[in-house]
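Comments concern the structure below.
Numbering (the working numbering), first residue to last: 4 to 142.
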């Protein structure tokens, strides 16, 4: 009886001091990036690829859910010293990193400029911004 009581007390003490081993604590979330452009990324992700991380546009060699073109990736690699390959843009976490690098070149609250420049230049960016804006639910 004394052994059972000692084990019970020892178990209760360990559960108070032992860290929780619940699976949700062990999951690794993406590093929080500031400022938070995630709502803009979600809208662009939808407009560019209808949320298809495996999307590919052979005409522009635009790759992944955010449709990253070689020129955008080359610019990112030069600025950051990284050496990502276009094929790695199917990995949404890497594509997100490229987008954040792009977005940080502009005012953090000027999402229109960020989106238009992501798309390119010229009058087509008006149409593009309207599509992105509709997914952001702003007017």
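Backbone N, C-alpha and C define an ideal beta-carbon position, used for all residues, glycine too.
**Prompt:** Taking the alpha-carbon positions, what's the residue 73 to residue 41 distance?
**Reply:** If you take the alpha carbons of residue 73 and residue 41, they lie about 22 Å apart.
**Item:** Residues sharing a beta bridge with residue 46, DSSP
**Value:** Beta-bridge pairing links residue 46 to no other residue.
**Prompt:** By DSSP, does residue 31 sit in helix, in strand, or in coil?
**Reply:** Residue placement at residue 31 cannot be trusted, given a pLDDT of 46 that sits under 50; what the coordinates show is reported in the next sentence. Here DSSP, grouped into helix, strand and coil, assigns residue 31 to coil.
**Request:** Identify whether residue 119 lies in helix, strand or coil by the three-state DSSP scheme.
**Result:** In the three-state scheme derived from DSSP, where H, G and I count as helix and E and B as strand, residue 119 is classed as helix.
**Request:** Compute the distance between the beta-carbons of residue 119 and residue 131, then report whether it is under 8 Å.
**Result:** Contact: yes.
**Prompt:** Does DSSP put residue 80 in a helix, in a strand, or in coil?
**Reply:** The answer is helix: DSSP assigns residue 80 an H, G or I state.
**Asked** Under the rule that 16 or more other beta-carbon atoms within 10 Å means buried, what is residue 140, buried or exposed?
**Response** Exposed, since its Cβ has fewer than 16 Cβ neighbours within 10 Å.
**Asked** CA-CA distance, residue 105 and residue 79?
**Response** Each residue's alpha carbon lies about 8 Å from the other.
**Request:** Tell whether a beta-carbon distance below 8 Å holds between residue 51 and residue 76.
**Result:** With respect to the 8 Å criterion, residue 51 and residue 76 are not classified as neighbours on the basis of their beta carbons.
**Prompt:** How many Å lie between residue 64 and residue 121 at the Cα?
**Reply:** Each residue's Cα considered, the two are about 15 Å apart.
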